[in-house]
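Asker: Got a structure for you, written out below as structure tokens; questions coming shortly.
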Amino acid sequence: MRYDRPVSTDDFQRARSPEAKRVREAAILDAARRLGEQHGVRQVTLTDIAAAVGMHKSAMLRYFETREEIFLRLTAEGWREWAPAVCASLRALTRPVADASAPADADAVAAVFASTLAARALFCDLLAQAPMNLERNVSVARVREFKLTTRGALAEIVAAVRAALPGLPEGSVVDLVAAATALAGTFWQIATPSPEIAALYRADPRLAHAIVDVEPRLARILAAMLRGLQPSGAGGQ
């Protein structure tokens, strides 16, 4: 649910029902999402989010414990949205016109992970922030909810990868997903320096190595990893 105008303080004060509470929470999440996309998660404060939804910060704390809880919820949403997208792309790899049962190869699977992650800038930002900051300033119950969400998403992705690459052990796929998400988060941070630092990299040829294009680098590394993980004689070697 998205809002074209800030939800006023009066709107929030009038709302009493469970449905109204869900509307309030959705408005807060939408505001945090927009601000995160515009400025980067690290730069967004609780005061910024409150101002964007037209509430006082103290009132907003009735719905979320902390700023970190808001962004951890968005990270969970990111997992729920990304998992079916990557699974659909992986399933498409295993249905070529010539042979409906032909497996995918390592490069194609790696490219799916790289492209679907690189297309989700906010999710990449959140993937880096979650273990460093977001999980550290919320209740144990909220961390549990988040980890169960990622567990469900991981199970979907593992099944899709193993269908695309028969013979790849489950543990190896878990390692692949862990590497893909960790590297995507890290590379996104490197690829989005401040404007001043970005200008420095462009101006000095000696610093060209610091300019990172997330998708191709991620695809190369994941493809190499997958080729090493696949059993001897499997496709993509």
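All you need for my numbering is the position in the sequence shown, starting with 1, plus 10.
We put the beta carbon where it would ideally sit given N, CA and C, even for glycine.
Just so we're clear, the structure is a prediction, and the values are computed from it rather than from any experiment.
Helix, strand or coil for M70, going by three-state DSSP, please let me know.
Answerer: Correct three-state label for M70: helix.
Asker: Whole angstroms are fine: how far does the CA of V96 sit from the CA of R230?
Answerer: Each residue's Cα considered, the two are about 17 angstroms apart.
Asker: Tell me which same chain residues have a C-beta within less than 6 angstroms of the C-beta of P226, skipping the five on either side of it?
Answerer: Closer than 6 angstroms at Cβ, skipping near neighbours: no residue.
Asker: Am I right that L39 and R83 are in contact with their C-beta atoms under 8 angstroms? What's the rounded C-beta distance?
Answerer: Their Cβ separation, rounded to whole angstroms, is 6 angstroms, which keeps L39 and R83 in contact under 8 angstroms.
Asker: If distances are taken between C-alpha atoms only, which option among K31, A233, D135, V224 comes closest to G88?
Answerer: Among K31, A233, D135, V224, the Cα nearest to that of G88 belongs to D135.
Asker: Can you give me the Cβ contacts of T57 inside the same chain, cut-off strictly under 6 angstroms, excluding the 5 residues immediately before and after it?
Answerer: Within the same chain, T57 has close Cβ partners K67.
Asker: If you drop the 5 nearest sequence neighbours on each side, which residues of the same chain put their C-beta closer than 6 angstroms to that of R77?
Answerer: Result list for R77: L56, in chain order.
Asker: Buried or exposed, going by whether 16 or more other CB atoms sit within 10 Å of the CB of A190?
Answerer: The residue is buried, with at least 16 neighbouring Cβ atoms inside 10 Å.
Asker: Check for me: the alpha helix (DSSP H) holding E29 runs from which residue to which?
Answerer: Run containing E29: 28 to 49, per the alpha helix (DSSP H) assignment.
Asker: What whole-angstrom Cβ distance do A138 and I80 have, given they're in contact under 8 angstroms?
Answerer: With a Cβ gap of about 17 angstroms, A138 and I80 do not count as contacting.
Asker: Mapping the DSSP letters down to three states, classify T76 as helix, strand or coil.
Answerer: Of the three classes helix, strand and coil, the one that applies to T76 here is coil, per DSSP.
Asker: Between L232 and A124, how many whole angstroms is the CB-CB distance? I'm expecting something under 8 angstroms.
Answerer: Right, their Cβ atoms sit about 6 angstroms apart.
Asker: Out of M142, A192, R152, which has the shortest C-alpha to C-alpha gap to F74?
Answerer: Nearest C-alpha to F74: R152.
Asker: Alpha carbon to alpha carbon, what distance is there between F133 and V254?
Answerer: Shown here, the chain extends from 11 to 247; a query on residue 254 therefore has no answer.
Asker: The alpha helix (DSSP H) with T196 in it runs from where to where?
Answerer: Taken as a continuous stretch (DSSP letters only), the alpha helix (DSSP H) holding T196 covers 180 to 201.
Asker: Would you identify the three-state DSSP class for A98, choosing helix, strand or coil?
Answerer: Reduced to three states, the DSSP call for A98 is helix.
Asker: Roughly how many angstroms separate the alpha carbons of V63 and T85, rounded to a whole number?
Answerer: Their backbone Cα atoms lie some 20 angstroms apart in a straight line.
Asker: Once the 5 residues before and after M235 are set aside, which same chain residues still bring their CB inside 7 angstroms of it?
Answerer: Once the five neighbours on either side are set aside, the close Cβ partners of M235 are L186, A189.
Asker: Nearest to A116 by alpha carbon, out of H219, A201, A173, D214?
Answerer: Measuring from the Cα of A116, the nearest candidate turns out to be A173.
Asker: For the alpha helix (DSSP H) containing S125, list its first residue and its last residue.
Answerer: That run of the alpha helix (DSSP H) goes 116 to 128.
Asker: To the nearest angstrom, how far is it from the Cα of V248 to the Cα of L144?
Answerer: For residue 248 there is no data in the structure shown, the boundaries of the chain being 11 and 247.
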